[in-house]
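Novice: Dropping a structure here in structure tokens format, bear with me for questions.
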Amino acid sequence: HVRLEDLFLSDDARCVRGLVIVRNLAFVKWVAARFTMDRWQTTSEVTARYVGSLQDGAYDRFEFNIRLIDYLSKIWDRTLHLAIRYSCEGHAESWDSNSGQNYIVVFRRKNIKKTRVAQDTDEEDEDHVR
730 HVRLEDLFLS
740 DDARCVRGLV
750 IVRNLAFVKW
760 VAARFTMDRW
770 QTTSEVTARY
780 VGSLQDGAYD
790 RFEFNIRLID
800 YLSKIWDRTL
810 HLAIRYSCEG
820 HAESWDSNSG
830 QNYIVVFRRK
840 NIKKTRVAQD
850 TDEEDEDHVR
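With positions in the sequence shown counted from 1, the corresponding number in this note's numbering is that position plus 729.
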């Protein structure tokens, strides 16, 4: 009844964003992303917001944002584990945990090669790059 459609880093790299598709079983429903950065020793949960209806109302799309600002100072080489929860009136709670494996995001620092730009100057100076 629930599946993670897409998971990506926001353009400003401050959030992990996700899209979730749920079967429209009832008008009142709740979708959330439960996540951890310490292998489930502690957990947090964010509520997804309704985005729109799909396939003539048979399914609904929801979006969630996990703010990384609290983790930015120590995020490199950390791993985010994630599962999606779906609840609605009259039906048992459903989970999408990637077949029990959880969805996993590993944060790695990307090495960027720095290059110096040549400067235009009339002076002869050994410290300037030409």
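By construction, the Cβ of each residue, glycine as well, lies at the ideal position given by its N, Cα and C atoms. The structure displayed is predicted, hence computed values, not measured ones.
Does the segment 780 to 795 come within contact of the segment 747 to 760, defined as at least 3 CB pairs closer than 8 Å?
Specialist: Touching, per the Cβ criterion.
Novice: Which same chain residues, not among the five before or five after S823, have their C-beta less than 7 Å away from its C-beta?
Specialist: On the sequence shown, residue 823 is found 94 positions in, with the first residue counted as 1. Closer than 7 Å at Cβ, skipping near neighbours: H730, V731 and Y815.
Novice: Could you give the DSSP three-state label for D740: helix, strand or coil?
Specialist: If you number the sequence shown from 1, residue 740 lands on position 11. In this structure, D740 counts as coil in the three-state DSSP scheme.
Novice: Taking S828 as part of the beta strand (DSSP E), name the residues at either end of that continuous run.
Specialist: As a first step, residue 828 must be located in the sequence shown, where it is residue number 99. Counting along the chain, S828 falls outside any beta strand (DSSP E), and DSSP gives it neither H nor E.
Novice: By how many angstroms is the C-alpha of K843 removed from the C-alpha of R859?
Specialist: Stepping through the sequence shown from its first residue, residue 859 is reached at position 130. Stepping through the sequence shown from its first residue, residue 843 is reached at position 114. No answer about R859 holds up, because its pLDDT of 37 lies below 50 and its placement is not dependable.
Novice: By Cβ distance, which residues of its chain are closer than 6 Å to V757, with the 5 residues on each side in sequence left out?
Specialist: In the sequence shown, the residue the question calls residue 757 occupies position 28. Result list for V757: E818, in chain order.
Novice: Quick check on L726: buried or exposed, where buried means 16 or more other Cβ atoms within 10 Å of its Cβ?
Specialist: A question about residue 726 goes unanswered here, because the residues of the chain that appear run from 730 up to 859.
Novice: Along the chain, where does the beta strand (DSSP E) containing V757 start, and where does it finish?
Specialist: As a first step, residue 757 must be located in the sequence shown, where it is residue number 28. Where V757 is concerned, there is no enclosing beta strand (DSSP E), given that its DSSP letter is neither H nor E.
Novice: Measure the Cβ-Cβ separation of T772 and T765 and say whether it is below 8 Å.
Specialist: As a position in the sequence shown, residue 772 is number 43, starting the count at 1. As a position in the sequence shown, residue 765 is number 36, starting the count at 1. Contact flag set, yes.
Novice: Residues in the same chain with beta-carbon distance under 6 Å from N794, minus the five sequence neighbours each way, listed in chain order, please.
Specialist: Numbered from its first residue, the sequence shown carries residue 794 at position 65. Correct list, in chain order: C744 and R746.
Novice: Rounded to whole angstroms, how far is the Cβ of A755 from the Cβ of H820, which I believe are closer than 8 Å?
Specialist: Translated into the one-based positions of the sequence shown, residue 755 becomes position 26. Translated into the one-based positions of the sequence shown, residue 820 becomes position 91. Yes, A755 and H820 are in contact; Cβ-Cβ is about 7 Å, under 8 Å.
Novice: Keeping to the same chain, check which residues put their C-beta closer than 8 Å to that of V783; ignore five residues upstream and five downstream.
Specialist: Position 54 of the sequence shown holds residue 783. Note that residue 783 is Leu in the sequence shown here, rather than Val. Cβ within range, chain order: I750, D789 and R790.
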